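Read the structure below first, then the notes.
Structure follows, in structure tokens:
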């Protein structure tokens, strides 16, 4: 099990089970899940990774602040935590060639002005690993990749054009 948090536990950077071919999941922000107490999202991610023939799963987030509701996110970007988040994400993804990254943030990316910037900087920081971006299920009505907690297990995996998504 891999679990990286801030000293005060207000920020979670990485949670998952490594393998030779893990499914990386990029959500918006972590909630209450820990390495010993999984929430609904983590339980679904684990099952989706098995159904899609991955031997591990690693949950990362666009912004590392723990918040049960997206309205509880910082009003402005905590630059120190954002930089630490990018460092942790880059470090773990760089261990893999062409890792599969599941875009899974839903419409929540619209909740704070800084989340799009965070996504762009994460994408740029991991580009050397040449990730294979995917999404599972349908996109939201606003054309964002759906969050795992709202998807049925038989949802299909598809390629996700992260560059086009960011442009538009």
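Numbering (this note's numbering), first residue to last: 2 to 169. A virtual CB, placed ideally from N, CA and C, is assigned to each residue, including glycine. These numbers come from a predicted model, not from an experiment.
{"query": "Per-residue DSSP class, three states only, for residue 154", "result": "coil"}
{"query": "Residues near residue 1 in its chain [Cβ-Cβ closer than 8 Å; skip 5 each side]", "result": "Outside the displayed range of the chain (2 to 169) lies residue 1, so it cannot be described from this structure."}
{"query": "Residue 140 (DSSP reduced to helix, strand or coil)", "result": "strand"}
{"query": "Identified DSSP bridge partners for residue 29", "result": "Residue 29 pairs with nothing; no bridge assigned."}
{"query": "Cβ neighbour criterion (16 or more within 10 Å) applied to residue 66", "result": "buried"}
{"query": "Interface flag, residue 155 vs chain D, CB-CB below 9 Å", "result": "Reference to chain D is not applicable here, since this structure consists of a single protein chain."}
{"query": "Between the CA atoms of residue 84 and residue 119 - distance to the nearest angstrom", "result": "9 Å"}
{"query": "Cβ neighbours of residue 150 in the same chain (closer than 7 Å, five flanking residues each side left out)", "result": "41, 42, 45"}
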